[in-house]
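**Q** In our numbering, the protein residues as written are 38 to 287.
The C-beta atom is built at its ideal place from N, Cα and C for all residues, glycine as well.
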Amino acid sequence: VLKNFTIQNGFISDEVSNLPNGGGISVNNASPVLKNLIVKNNIAHYGGGIWVSYSSSLLDSIKVFNNASQSHGGGVYLHFSNSVLTNIECYSNSTVAGGNGAGMMIFNRRSGQSPTIIGSIFHNNEADYGAGGVAINTTDPQFFQSTIFNNQGGSQESQNAGGIHIGFGSSPVINSCIINGNSSGQILFDSEGDPSSISIQYSLVELDSIVTNDNGTVTWGDGNIDVDPLFVDADNNDFNLTIDSRLIDA
Numbered sequence: 038v039l040k041n042f043t044i045q046n047g048f049i050s051d052e053v054s055n056l057p058n059g060g061g062i063s064v065n066n067a068s069p070v071l072k073n074l075i076v077k078n079n080i081a082h083y084g085g086g087i088w089v090s091y092s093s094s095l096l097d098s099i100k101v102f103n104n105a106s107q108s109h110g111g112g113v114y115l116h117f118s119n120s121v122l123t124n125i126e127c128y129s130n131s132t133v134a135g136g137n138g139a140g141m142m143i144f145n146r147r148s149g150q151s152p153t154i155i156g157s158i159f160h161n162n163e164a165d166y167g168a169g170g171v172a173i174n175t176t177d178p179q180f181f182q183s184t185i186f187n188n189q190g191g192s193q194e195s196q197n198a199g200g201i202h203i204g205f206g207s208s209p210v211i212n213s214c215i216i217n218g219n220s221s222g223q224i225l226f227d228s229e230g231d232p233s234s235i236s237i238q239y240s241l242v243e244l245d246s247i248v249t250n251d252n253g254t255v256t257w258g259d260g261n262i263d264v265d266p267l268f269v270d271a272d273n274n275d276f277n278l279t280i281d282s283r284l285i286d287a
């Protein structure tokens with residue numbers, strides 16, 4: 038167990054390591070519990086803040102911010118892992134050299150390992166190339182009661198989702214989530230590779246900002262809406278809902 042620490046100002050690159058991943062935390066072939074952490078101001082090739090590889094780690098109550106990747110996963114990179122992430126706040130992270138998934142990158146190459154994300158928020162992340170919020174590649178993650186808001190995608194049209202980029206045979210599940218206020222598109226399917234799909238239910242999604250590129254299928258379950266979520270003060274990172282929000286008791 039690693040808990041109750043601030044991990045900051047780490048730097049690792051190709052020049053100093055043949056595994057230049059995880060500027061703040063690097064987990065490889067192990068499954069620790071990471072809890073009540075602050076991970077900030079770190080830089081790495083993959084996973085500027087946190088890198089988790091071949092792992093069933095539990096990540097709980099972690100703030101990941103102001104980290105940068107020189108490729109993919111500015112805040113968090115999950116690689117061949119079925120980790121469970123709970124109460125993660127991932128914000129103001131970036132990719133700086135043609136990367137995807139400024140908030141989080143999930144890549145599993147159809148290994149049968151898919152993570153679960155619960156009660157987490159990815160906001161105000163910015164990619165220079167690919168997805169601003171979350172990039173999903175060859176994996177089937179599940180998101181519950183999570184928010185992807187106000188992220189900025191980059192320059193690559195086939196991958197630059199503001200919210201979620203889905204590619205290469207992935208099938209994520211979205212349940213009781215908010216995907217809103219990101220640069221267009223909120224959800225974008227890669228135009229190349231095997232077709233992907235997404236299942237969405239009991240969620241708030243901007244319906245007119247989903248781009249399938251004729252290479253993806255959206256399955257709409259029950260209870261989806263497209264309205265202003267009415268956060269208390271999103272400009273100051275207060276994503277609680279006002280009493281007038283239609284999401285309360287939805």
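So for residue 245, helix, strand or coil by DSSP?
**A** Taking the sequence shown and counting its residues from 1, the one referred to as residue 245 is at position 208. DSSP places residue 245 in helix when its eight states are reduced to three.
**Q** Which one of 235, 216, 205 has the shortest CA to CA distance from residue 229?
**A** Position 192 of the sequence shown, counted from the start, is the residue given in the question as residue 229. Comparing Cα-Cα distances from residue 229 to each of 235, 216, 205, the minimum goes to 205.
**Q** Where do the ends of the beta strand (DSSP E) carrying residue 275 lie?
**A** Counting from 1 along the sequence shown, the entry for residue 275 is found at position 238. Counting along the chain, the beta strand (DSSP E) containing residue 275 begins and ends at 275–278.
**Q** In whole angstroms, what separates the C-alpha of residue 161 from that of residue 149?
**A** For the purposes of this step, residue 161 is identified with residue 124 of the sequence shown, where counting begins at 1. For the purposes of this step, residue 149 is identified with residue 112 of the sequence shown, where counting begins at 1. The alpha-carbon atoms of residue 161 and residue 149 are separated by roughly 30 Å.
**Q** DSSP three-state label for residue 105, please.
**A** On the sequence shown, residue 105 is found 68 positions in, with the first residue counted as 1. In the structure shown, residue 105 sits in a strand (DSSP, three-state: E or B).
**Q** Taking only runs of the beta strand (DSSP E) that begin and end inside the region 127–172, which ones reach a length of at least 3 residues, in chain order?
**A** 141–144, 153–155, 158–160
**Q** Roughly how many whole angstroms lie between the Cα atoms of residue 216 and residue 171?
**A** For the purposes of this step, residue 216 is taken as the residue at position 179 of the sequence shown. For the purposes of this step, residue 171 is taken as the residue at position 134 of the sequence shown. Going by the C-alpha atoms only, they are around 11 Å apart.
**Q** By the 10 Å Cβ neighbour count, where 16 or more other Cβ atoms means buried, how is residue 198 classified, buried or exposed?
**A** Reading the sequence shown from its first residue, position 161 is the one you call residue 198. Burial call: buried.
**Q** Do the region 239–248 and the region 260–273 meet, that is, are 3 or more Cβ pairs less than 8 Å apart?
**A** Contact annotation: the region 239–248 touches the region 260–273, with at least three C-beta pairs closer than 8 Å.
**Q** Going by beta carbon distance, what residues of the same chain come within less than 6 Å of residue 211, once the five residues before and after it are set aside?
**A** The residue you call residue 211 lines up with position 174 of the sequence shown. Excluding positions up to five away in sequence, the list reads 180, 237, 240.
**Q** Let me know the secondary structure DSSP gives residue 271 once reduced to three states.
**A** If you number the sequence shown from 1, residue 271 lands on position 234. Looking at residue 271 - three-state DSSP - the assignment turns out to be helix.
**Q** Starting from the Cα of residue 86, find the closest Cα among 39, 45, 66, 56 and give me that residue.
**A** Stepping through the sequence shown from its first residue, residue 86 is reached at position 49. For residue 86, the nearest C-alpha among the options comes from 45.
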